[in-house]
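Quick note: the sequence shown uses UniProt numbering, first residue 1, plus one each step.
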Amino acid sequence: MTFNPLRERGIPLDKQLRNWRELNVTPIDPDHADPYTRCRIITMNGIEVEAILFSHQLARHCPDLELKQQLARVRYIEAQQQKAVNWLLPGLASVLETTIAYEQVAVDLTAWVARMEPDAYLKQAYQFGVLEDFDHLYRYANLYEMIEHRKAEKIVDGLTEVMPGRPTYLHHRDPVDNVREPYDRENTAPISKLHALTIMSAEQQTMNFYMNVGPTYMEPIARQLYQEIGLIEEEHVTHYESLVDPGESWWEMLLNHEYNECYLYHSFLETESDPKVKNIWELHLNMELEHLRLAAELFKKHDGRDPEQVCAPELPAPVTFEPNKAYLRELIATQIDYTTLGTGYVQEAHERFEKMQDALMGGEKAPSERIIDDNRAKSGEEYRLQTEGEHPIHSLQSHR
Ligand SMILES: [Fe+2]
Ligand SMILES: [Fe+2]
Ligand SMILES: [Fe+2]
Ligand SMILES: [Fe+2]
């Protein structure tokens, strides 16, 4: 049952172009789809967007015309894949519903990666970050109840709990403290490189999304909450991208990107519940195998090494969307008061952190605090979805 994507044959590149009819995918049913199908779609959109942006960056550093032409050909296919994937989302969802789904992805994908990550320092980075996106989900769920009069359980479907994590206003750190140490590309396990790319891409997509959709709301509190959390997603991209060894050559980075696309499409092919969506994962896996073969050729030629030296010899266990409730409760109970200092973690509010907090807050409560107050005032109580009992931290148990 081992699958080595470096040894598999995919669809030849000149057979990968799709016409309008083939690109016009049928979206998932907004009311009856598995929430984790939507999570897989959002994840793959983030991965395809990163594939496109990375390829553009590489092209901008590439003086060789023929190479640039080859990059453009593959990148056009990545752009078609992105369209096919993201257009699986139904048009009915509001911006805030999509936002809640994005935070659900951040929670359950990062928690899964944290559980599976073999390196202790990298694992800590995921454990640290997941408690923040967990709290974002709670803040947006309250905004959703307040301005759209609907409940986030319609979206997360009881698979992910909605309650306070590390309070959002405490996520605003001095930017210096968001930079982590990278893994060492020579010694790290191949799975660790894939994890870092996956979470970086997911956070980048969330950052981009909030940048653009935040001002589409009329309500001042909604506009402000998107500004606040948008800035935190910038911190998260800084946090996760700094885990990647910057000593990787462009060709090694390209190889890792294509390998990761194979890994994720294969993972989702194995775990997908919706047969129509599963067909897309399978088609895209077969396209990615060819992208990987082309990247491997470039790597051999320009990096002078064998791809088998840097990639996993077979695909690791599939990335799986599943509830992580007990794991998250454990992290909340033990790591809620963590912040960062330099490239490490501490439990006290140090000077640089306090300085940033004072400068940003300007003597006012953060929008993420005000939204809870406002919703309590309007709906009688704040919104939570605690399927496993009371909050693990006594002071954060529900106010009545
Ligand atoms: Fe792709
Ligand atoms: Fe978030
Ligand atoms: Fe995030
Ligand atoms: Fe690709």
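For each residue, glycine too, the CB sits at the ideal point set by N, CA and C.
Assign residue 46 to one of three DSSP states: helix, strand, or coil.
-> Note: residue 46 maps to helix in three-state DSSP.
Consult DSSP for residue 136 and reduce its assignment to one of helix, strand or coil.
-> The answer is helix: DSSP assigns residue 136 an H, G or I state.
Give a yes or no on whether the C-beta atoms belonging to residue 315 and residue 90 are separated by under 8 Å.
-> No, they are not a contact pair.
In whole angstroms, what separates the C-alpha of residue 143 from that of residue 375?
-> Distance from the CA atom of residue 143 to the CA atom of residue 375, rounded to whole angstroms, is 7 Å.
Pull every residue with its beta-carbon under 7 Å away from any heavy atom of ligand 2, and keep them in chain order.
-> Here the list is 103, 106, 132, 133, 136, 206, 229, 232, 233, 236.
Buried versus exposed, by CB contacts within 10 Å (16 or more), residue 64 | Exposure of residue 64 is indicated by the presence of fewer than 16 other C-beta atoms within 10 angstroms of its C-beta.
Assumed close pair residue 182, residue 242 - CB separation to whole angstroms, cut-off 8 Å | Right, their Cβ atoms sit about 6 Å apart.
Between residue 290 and residue 325, what straight-line distance do the alpha-carbon atoms span, to the nearest angstrom?
-> Between the C-alpha atoms of residue 290 and residue 325 there is a straight-line separation of about 38 Å.
Compute the beta-carbon to beta-carbon distance between residue 100 and residue 140, rounded to the nearest angstrom, for a pair I have assumed lies under 8 Å.
-> For a cut-off of 8 Å, the C-beta gap from residue 100 to residue 140 is around 5 Å, short enough to register as a contact.
State whether the stretch 46-55 contacts the stretch 194-201, with contact taken as three or more CB pairs (one from each stretch) at a distance under 8 Å.
-> Three or more Cβ pairs drawn from the stretch 46-55 and the stretch 194-201 lie within less than 8 Å of each other, which places the two stretches in contact.
Just the Cα atoms here: how many angstroms apart are residue 217 and residue 223?
-> Answer to the nearest angstrom: the Cα atoms are 6 Å apart.
So, is residue 331 buried or exposed, given that buried needs 16 or more other C-beta atoms within 10 angstroms?
-> Label assigned to residue 331: buried.
Under the three-state DSSP convention, the category residue 259 falls into | Collapsing the DSSP output to three states places residue 259 in a helix.
Counting Cβ pairs closer than 8 Å, one from the stretch 169-182 and one from the stretch 346-358, do we hit at least three?
-> With a cut-off of 8 Å, the stretch 346-358 and the stretch 169-182 count as touching, because enough Cβ pairs lie within range.
With C-beta atoms as the reference, is residue 152 less than 8 Å away from residue 280?
-> Contact flag unset, no.
Between the C-alpha atoms of residue 248 and residue 185, what's the straight-line distance to the nearest angstrom?
-> The straight-line gap from Cα to Cα measures roughly 7 Å.
Express the C-alpha separation of residue 306 and residue 251 in angstroms, rounding to a whole number.
-> When rounded, the distance between both Cα atoms is 12 Å.
What span of residues does the beta strand (DSSP E) with residue 345 cover, start to end?
-> Where residue 345 is concerned, the enclosing beta strand (DSSP E) stretches over 344-346.
List in chain order: all unbroken alpha helix (DSSP H) runs of 4+ residues lying wholly within the stretch 311-374.
-> For secondary structure counted as the alpha helix (DSSP H) over 4 or more consecutive residues, the stretch 311-374 holds these complete runs in sequence order: 325-335, 351-361.
Determine the direct distance from the alpha carbon of residue 219 to that of residue 336, and round the result to whole angstroms.
-> For residue 336 and residue 219, the gap between their C-alpha atoms comes out near 30 Å.
Which residue comes first and which comes last in the alpha helix (DSSP H) that contains residue 99?
-> Counting along the chain, the alpha helix (DSSP H) containing residue 99 begins and ends at 95-116.
Which partner residues does residue 385 have in the DSSP bridge list?
-> BP columns for residue 385 point to 162.
Look at the alpha carbon of residue 264 and the alpha carbon of residue 145, and state the distance between them as a whole number of angstroms.
-> Cα to Cα, residue 264 sits roughly 33 Å from residue 145.
List the endpoints of the continuous alpha helix (DSSP H) containing residue 152.
-> No alpha helix (DSSP H) contains residue 152, which DSSP labels as neither H nor E.
Between residue 400 and the rest of its own chain, which residues show a CB-CB distance below 6 Å, the 5 nearest in sequence each way excluded?
-> Residue placement at residue 400 is flagged as unreliable, the pLDDT there being 46, under the threshold of 50; the coordinate-derived value follows with that caveat. Only residues of its own chain outside the window of five on either side were considered, and among them none has a CB closer than 6 Å to the CB of residue 400.
State yes or no: is the C-beta of residue 112 within less than 8 Å of the C-beta of residue 320?
-> Yes.
Between the CA atoms of residue 237 and residue 30 - distance to the nearest angstrom = Roughly 29 Å between the two C-alpha positions.
CB-CB length for residue 292 against residue 258, believed under 8 Å = Between residue 258 and residue 292 the Cβ distance is about 4 Å, and since that is below 8 Å, they are a contact.
Through-space distance from residue 253 to residue 365, alpha-carbon basis = Their backbone Cα atoms lie some 42 Å apart in a straight line.
Just to confirm, are residue 81 and residue 284 a CB contact at a threshold of 8 Å?
-> Going by beta carbons, residue 81 and residue 284 fall inside the 8 Å limit.
Answer yes or no: do residue 347 and residue 163 have a C-beta to C-beta separation smaller than 8 Å?
-> Contact: no.
Which of helix, strand or coil does DSSP assign to residue 214?
-> Three-state result, residue 214: helix.
Roughly how many angstroms lie between the CA atoms of residue 39 and residue 148, to the nearest whole one?
-> Roughly 22 Å separates the two Cα atoms.
Run the proximity test for residue 203: is its beta-carbon closer than 7 Å to any non-hydrogen atom belonging to ligand 3?
-> In terms of side-chain proximity, the C-beta atom of residue 203 is found nearer than 7 Å to a non-hydrogen atom of ligand 3.
Taking 7 Å as the cut-off, does the CB of residue 296 come closer than this to any heavy atom belonging to ligand 4?
-> At a cut-off of 7 Å, the beta-carbon of residue 296 does not count as near ligand 4: no heavy atom of the ligand is closer than that.
When DSSP labels each residue in this structure, what does residue 303 get in the three-state scheme?
-> For residue 303, the three-state secondary structure derived from DSSP is helix.
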